[in-house]
Amino acid sequence: MVKSDAVGRLVHHDVTACLQIPAHVHRLGAARALEQTARDILAHSDMTPVVLCATDSCLERRLERIPGVVALGWRTDVRALMATSACVVQNAGGFTSLEALASGTPVITYRSISGHGAANSANLDRAGLIP
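Spelled out as structure tokens, the structure:
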């Protein structure tokens, strides 16, 4: 499936998407964790992982080799993607989590990055905002 077709199906609700919005991935271990998250979503749900890779073309190429994963580069329609997704999976608990919550899109913390990611996720969980 061509990426634009996948995004079109997502926006028209033909795909139950799980939007992954990772923190910046600057090391190979983080890229592997993100890849494993996409694989976990495929293996344990009926959702299509849609991963926002921003300007990280290496990550985008790595993820688009996984059948069933939609890896997207820089987007200007993130709000629309959030609104049409069944949930947002995040690993850092930052501003994007709050934006998703404000839009009414459920947010799930999974494989939090160490440091601020773990701290933010713990605080959001403690506040009862996200699991």
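Note that the numbering used here has the sequence shown beginning at 180, numbered continuously upward.
Just so it is clear, CB atoms sit at the ideal spot from N, CA and C, and this is done for glycine as well.
Please read these numbers as outputs of a predicted model, since none were measured by experiment.
Item, Value
"Enumerate in chain order the residues of its own chain whose CB-to-CB distance from SER291 is below 6 Å, with the five nearest sequence positions on each side excluded.", "ASN270, ALA297 and SER300"
"By DSSP, does CYS266 sit in helix, in strand, or in coil?", "strand"
"Classify ALA306 as helix, strand or coil using the three-state DSSP reduction.", "coil"
"Determine, using beta-carbon pairs with one atom in the stretch 271 to 286 and one in the stretch 242 to 249, whether at least three such pairs fall under 8 Å.", "no"
"Looking at ARG241 and GLU214, is the spacing between their C-beta atoms short of 8 Å?", "yes"
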